[in-house]
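*Asks:* Add 40 to a position in the sequence shown, counting from 1, and you land on the number used in the working numbering. Using N, Cα and C, we set each Cβ at its ideal position, and we do this for glycine too. Here the structure is a predicted model, which means the values were calculated and not measured.
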Amino acid sequence: MDLSYILNELGEDRSDYFNAVAPPIMQTSNFRVNTVEELKKLFADEYSGYLYSRGLNPTVDILRKKLAALDEAEDCLVFNSGAAAIFVAVLANVSKGDHIISVKNPYTWVKKMFDLIFSRFGVDTTYVEGTDIRQFEAARRPNSRFIYLESPNSWNFVVQDLEAVAAFAKRHGLVTLMDNTYCTPLYQKPIPMGIDISMQTATKYIGGHSDTLGGILTGSREMMKKIFDCEYLAVGSGIQPFNAWLLIRGLRTLEARLERITATTRDVLRYLKKHARVESVLFPLDPSFPQYELAKKQMKNAGGLISFFIKAGTRAEIVRFCENLKHIMMAVSWGGHESLILPRCAGMEDADFDALNAEHRMLRIYIGLESADYLTGDLDQAFRLSF
Ligand SMILES: *Cc1c(COP(=O)(O)O)cnc(C)c1O
41 MDLSYILNEL GEDRSDYFNA VAPPIMQTSN FRVNTVEELK KLFADEYSGY
91 LYSRGLNPTV DILRKKLAAL DEAEDCLVFN SGAAAIFVAV LANVSKGDHI
141 ISVKNPYTWV KKMFDLIFSR FGVDTTYVEG TDIRQFEAAR RPNSRFIYLE
191 SPNSWNFVVQ DLEAVAAFAK RHGLVTLMDN TYCTPLYQKP IPMGIDISMQ
241 TATKYIGGHS DTLGGILTGS REMMKKIFDC EYLAVGSGIQ PFNAWLLIRG
291 LRTLEARLER ITATTRDVLR YLKKHARVES VLFPLDPSFP QYELAKKQMK
341 NAGGLISFFI KAGTRAEIVR FCENLKHIMM AVSWGGHESL ILPRCAGMED
391 ADFDALNAEH RMLRIYIGLE SADYLTGDLD QAFRLSF
């Protein structure tokens with residue numbers, strides 16, 4: 041399906057709402073029915089129509105159709121946050137006594153979900169490096185049920201061979217979920233590679249303006265209906281109509297924003313690689329990246345995140361560098377219009393800083409929609425002032 045068609049037309053029946061170009065926000069909690077028969081049908085299958093907005097809502101449905109098409113998936117569910125999407129997807133697919141295989145260092149709150157919540161219900165998790173299929177094979181137990189992937193990781197960009205893991209999972213009847221937030225479906229499509237559930241945080245590139253949280257699951261109609269019928273409705277963390285509308289608006293410019301961000305990121309990458317204060321960079325499509333060949337094979341492109349290692353002797357130098365930036369803001373998250381920096385040593389005491397440990401000298405920069413010169417100029421003055 042044509043990307044322009046998906047972003048501009050799919051799912052939108054404009055003649056239903058006065059030919060307005062922008063869709064209406066159906067800000068309603070419930071929907072009336074005309075007959076008891078209709079009510080009976082909705083009670084039996086809430087996925088078949090509009091009853092109550094904790095279930096389906098017409099504004100959210102426009103978004104669901106577009107997101108499913110972007111992923112080449114049959115169906116889609118949208119949540120109030122990425123964390124909610126992940127929680128509900130795992131909850132729907134594991135039971136007491138099951139075992140999860142997860143990549144090491146998944147998103148912070150995913151690790152907490154596994155270690156602090158699912159563990160209380162007798163569901164254990166084994167973490168694997170994820171760089172070799174044999175690590176998954178070695179971790180598999182007779183009660184393994186679920187594989188959690190994130191490729192690339194949003195800090196160190198470690199990737200998994202998605203087709204190999206999907207084939208392994210299918211052989212053993214395991215459900216796979218892959219966090220595709222880094223790439224978006226524009227740069228990587230996990231579903232055609234055999235992954236069961238593709239997940240994204242809409243908070244990042246889909247929203248694109250740092251003003252909305254949202255989470256996305258796509259997959260087969262059967263899988264989405266299974267999740268909807270029980271856990272989606274029970275947890276009640278589906279996206280609200282206004283936020284869905286903001287995400288539809290974000291989708292209009294997704295391709296244009298990603299193109300711009302991707303090009304600017306290459307300029308900033310070139311600048312960082314040449315800078316005397318930068319020891320090395322991490323970027324999945326840079327030839328120096330340890331898994332460059334695999335990244336190139338399964339990703340169409342790489343977006344706005346770069347990690348780099350600064351030559352610093354003390355934590356104070358890194359603190360000075362971050363605080364001397366005038367335009368690039370210090371903040372968590374990414375995917376919006378604004379460039380951001382995050383130092384790995386933020387949560388650390390000065391005394392625990394070890395200059396010999398490269399990870400202590402690691403920073404992650406996210407490149408937004410500003411111009412490359414504006415950003416490299418800012419980095420330049422901060423380097424000069426800080427060291
Ligand atoms: C931000 C993020 C999440 C969590 O999404 P929220 O919308 O903040 O709940 C999950 N995975 C990745 C890779 C993220 O960057």
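Helix or strand or just coil, what does DSSP make of Arg289?
*Replies:* Reading the sequence shown from its first residue, position 249 is the one you call residue 289. Here Arg289 sits in helix by DSSP.
*Asks:* Could you pull the start and end residues of the beta strand (DSSP E) that Glu190 belongs to?
*Replies:* By 1-based counting over the sequence shown, the position of residue 190 is 150. 184-190 is the extent of the beta strand (DSSP E) around Glu190.
*Asks:* Report whether the distance from the Cβ of Tyr147 to the nearest heavy atom of ligand 1 is below 7 Å.
*Replies:* Counted from its first residue, the sequence shown places residue 147 at position 107. Yes.
*Asks:* Would you please state the rounded distance, in angstroms, between the beta carbons of Gly122 and Gly255? I believe it to be under 8 Å.
*Replies:* Translated into the one-based positions of the sequence shown, residue 122 becomes position 82. Translated into the one-based positions of the sequence shown, residue 255 becomes position 215. Contact flag correct, Cβ pair sits at about 4 Å.
*Asks:* Once DSSP output is grouped into helix, strand and coil, what is the label at Met264?
*Replies:* Position 224 of the sequence shown, counting from 1, holds the residue named residue 264. Correct three-state label for Met264: helix.
*Asks:* Going by DSSP, name the residue or residues bridged to Ser159.
*Replies:* Locating residue 159 in the sequence shown gives position 119, where the first residue counts as 1. Per DSSP, Ser159 has no beta bridge partner at all.
*Asks:* Suppose contacts are defined by Cβ-Cβ distances below 8 Å. Is Ile346 in contact with Leu287 by that definition?
*Replies:* What you label residue 346 is simply residue 306 of the sequence shown in a count that begins at 1. What you label residue 287 is simply residue 247 of the sequence shown in a count that begins at 1. Contact: no.
*Asks:* Need the endpoints of the beta strand (DSSP E) that Cys116 sits in, please.
*Replies:* As a position in the sequence shown, residue 116 is number 76, starting the count at 1. Note, Cys116: beta strand (DSSP E), 115-119.
*Asks:* Going residue by residue through the stretch 214-256, where are the continuous beta strand (DSSP E) segments of at least 3 residues, counting only ones entirely within it?
*Replies:* 215-219, 237-241
*Asks:* Note down, in chain order, each residue of its chain lying with its Cβ closer than 7 Å to the Cβ of Ser44, except the 5 sequence neighbours on either side.
*Replies:* Looking up residue 44 in the sequence shown gives position 4. Counting only Cβ-Cβ distances below 7 Å, and skipping sequence neighbours, we find nothing.
*Asks:* With contact counted as at least three CB pairs below 8 Å, one residue from each stretch, are the stretch 346-362 and the stretch 309-323 in contact?
*Replies:* yes
*Asks:* Based on the DSSP output, what are the partners of Thr166 in its beta bridges?
*Replies:* For the purposes of this step, residue 166 is identified with residue 126 of the sequence shown, where counting begins at 1. DSSP output for Thr166 lists Ile141 as bridge partner(s).
*Asks:* Looking only at its chain, what residues have a beta carbon closer than 8 Å to the beta carbon of Asn183, apart from the 5 residues adjacent to it on each side?
*Replies:* For the purposes of this step, residue 183 is identified with residue 143 of the sequence shown, where counting begins at 1. Closer than 8 Å at Cβ, skipping near neighbours: Gly137, Asp138, His139.
*Asks:* Using the DSSP secondary-structure output, state which residues sit across from Val321 in a beta bridge.
*Replies:* Here residue 321 corresponds to residue number 281 of the sequence shown, with the count starting at 1. DSSP, once it has assigned bridges, lists Phe348 as partnering Val321.
*Asks:* Taking DSSP as the reference, what is the three-state secondary structure of Met369?
*Replies:* What you label residue 369 is simply residue 329 of the sequence shown in a count that begins at 1. In this structure, Met369 counts as strand in the three-state DSSP scheme.
*Asks:* What residues are listed by DSSP as bridge partners for Met402?
*Replies:* If you number the sequence shown from 1, residue 402 lands on position 362. DSSP, once it has assigned bridges, lists Phe349 as partnering Met402.
*Asks:* By the DSSP assignment, the alpha helix (DSSP H) with Glu425 in it spans what residues?
*Replies:* As a position in the sequence shown, residue 425 is number 385, starting the count at 1. According to the sequence shown, residue 425 is Leu rather than Glu. Element bounds for Leu425: 412-426.
*Asks:* Tell me whether the stretch 385-404 and the stretch 282-299 touch, counting them as touching only if at least three CB pairs, one residue from each stretch, are closer than 8 Å.
*Replies:* no
*Asks:* Is Thr252 near Asp236, with beta carbons less than 8 Å apart?
*Replies:* The residue labelled residue 252 in the question sits at position 212 within the sequence shown. The residue labelled residue 236 in the question sits at position 196 within the sequence shown. Cβ distance not < 8 Å, so Thr252 and Asp236 don't count as in contact.
*Asks:* Can you check which of these residues, Arg104, Leu312, Ser93, is closest to Ile407 by C-alpha distance?
*Replies:* If you number the sequence shown from 1, residue 407 lands on position 367. For Ile407, the nearest C-alpha among the options comes from Leu312.
*Asks:* Consider the C-beta atom of Lys244 and the heavy atoms of ligand 1; say whether any pair is separated by less than 7 Å.
*Replies:* Here residue 244 is taken as the residue at index 204 of the sequence shown, counted from 1. Yes, since a heavy atom of ligand 1 falls inside the 7 Å radius drawn around the Cβ of Lys244.
*Asks:* Of the residues Gly344, Glu357, Ala335, Asp307, which one's Cα is nearest the Cα of Gly417?
*Replies:* On the sequence shown, position 377 is the one that residue 417 refers to. Gly417 has its Cα closest to that of Asp307, out of Gly344, Glu357, Ala335, Asp307.
*Asks:* Using 8 Å for Cβ pairs, my map puts Asp201 next to Leu334. What's the rounded Cβ distance?
*Replies:* Locating residue 201 in the sequence shown gives position 161, where the first residue counts as 1. Locating residue 334 in the sequence shown gives position 294, where the first residue counts as 1. Rounded, the Cβ-Cβ distance is 6 Å, consistent with contact.
*Asks:* With a threshold of 6 Å on Cβ separation, who are the neighbours of Thr224 within its own chain once the five nearest residues in sequence on each side are excluded?
*Replies:* Working through the sequence shown from its first residue, we reach residue 224 at position 184. The answer, listed in chain order, is Tyr245.
*Asks:* Please report the straight-line C-alpha distance between Arg72 and Ala113, rounded to a whole angstrom.
*Replies:* The residue given as residue 72 occupies position 32 in the sequence shown. The residue given as residue 113 occupies position 73 in the sequence shown. Looking at the two C-alpha atoms, the distance is approximately 31 Å.
*Asks:* At a cut of 8 Å, does the stretch 206-222 reach the stretch 173-191 through at least three beta carbon pairs?
*Replies:* yes
*Asks:* Kindly say whether Leu189, judged by its beta-carbon, lies nearer than 8 Å to any beta-carbon of chain C.
*Replies:* The structure shown has no chain C; it contains just one protein chain.
*Asks:* Give a single yes or no on whether Glu203 has its beta carbon closer than 7 Å to a heavy atom of ligand 1.
*Replies:* Counted from its first residue, the sequence shown places residue 203 at position 163. The answer is no for Glu203.
*Asks:* Going by DSSP, which residues form a beta bridge with Pro64?
*Replies:* Residue 64 sits at position 24 when you count from the first residue of the sequence shown. Residue pairing by DSSP leaves Pro64 without any beta bridge partner.
*Asks:* Whose C-alpha, out of Leu382, Thr305, Met388, Thr68, is nearest the C-alpha of Leu91?
*Replies:* For this step, residue 91 is matched to residue 51 along the sequence shown. Ranking Leu382, Thr305, Met388, Thr68 by Cα distance to Leu91 puts Thr68 first.
*Asks:* Relative to the C-alpha of Gln240, which candidate in Ala129, Tyr167, Leu96 has its C-alpha closest?
*Replies:* One-based indexing of the sequence shown puts residue 240 at position 200. Selected option, being the one with the closest Cα: Ala129.
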